[in-house]
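Engineer: I am attaching a structure below and will ask some questions about it afterwards.
Numbering (this note's numbering), first residue to last: 550 to 710.
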């Protein structure tokens, strides 16, 4: 999210072009932590168009109106908001709501789980997440939301003749 520019939003097509990534590293010469944007994603599959539902487009309009002169979608006081700031703000929001802490990566996993549970086409899911194989998504991102009663009911239905 920290690498998104306003030009990446294609409201007429209901999508956002994901084409950059934020990288963080230590410069061992200066001993400084460096945070910068690469004009390409981590992988080839990472360069993608993320479909955006109508409700999210409405939120994007609000976000765009907050910083009309900024190059980046998410900025504050003229500066791009870094990825670690999203996690800090999410932690604060969880604290304020008295709920379990979540990271932006957990939000991504929740998104993947919601798509899988809704039986969205597997190729669409992998495209949305920038993966090349649904097995990667299922192995590292999917967590079943079914409770034990639902699982038992499905097993009983499958085995009853």
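Positions of the beta carbon are idealized from the N, C-alpha and C atoms, including for glycine.
What is the DSSP secondary structure of residue 681, reduced to helix, strand or coil?
Structural biologist: Position 132 of the chain shown, counted from the start, is the residue given in the question as residue 681. The answer is coil: DSSP assigns residue 681 none of H, G, I, E or B.
Engineer: How close, in whole Å, do the beta carbons of residue 682 and residue 673 come, if the pair is a contact with beta carbons under 8 Å?
Structural biologist: On the chain shown, position 133 is the one that residue 682 refers to. On the chain shown, position 124 is the one that residue 673 refers to. That belief does not hold up - the Cβ atoms of residue 682 and residue 673 are roughly 14 Å apart, past 8 Å.
Engineer: Have a look at 652, 550 and 637 and flag the residue whose alpha-carbon is nearest the alpha-carbon of residue 599.
Structural biologist: Taking the first residue of the chain shown as 1, we reach residue 599 at position 50. The shortest C-alpha separation from residue 599 is found at 550.
Engineer: Per DSSP, residue 573 is paired with what?
Structural biologist: The residue labelled residue 573 in the question sits at position 24 within the chain shown. Paired residues: 584.
Engineer: Per DSSP, residue 559 is paired with what?
Structural biologist: As a working mapping, residue 559 is identified with position 10 in the chain shown. Answer is 564.
Engineer: Going by Cα to Cα distance, which pick from 703, 677, 610 and 652 is closest to residue 567?
Structural biologist: In the chain shown, counting from the first residue as 1, residue 567 sits at position 18. When each option's Cα is compared against that of residue 567, the closest is 677.
Engineer: According to the neighbour-count rule (16 or more other Cβ atoms, all chains shown, within 10 Å of its Cβ), is residue 592 buried or exposed?
Structural biologist: By one-based count along the chain shown, residue 592 stands at place 43. Result: exposed.
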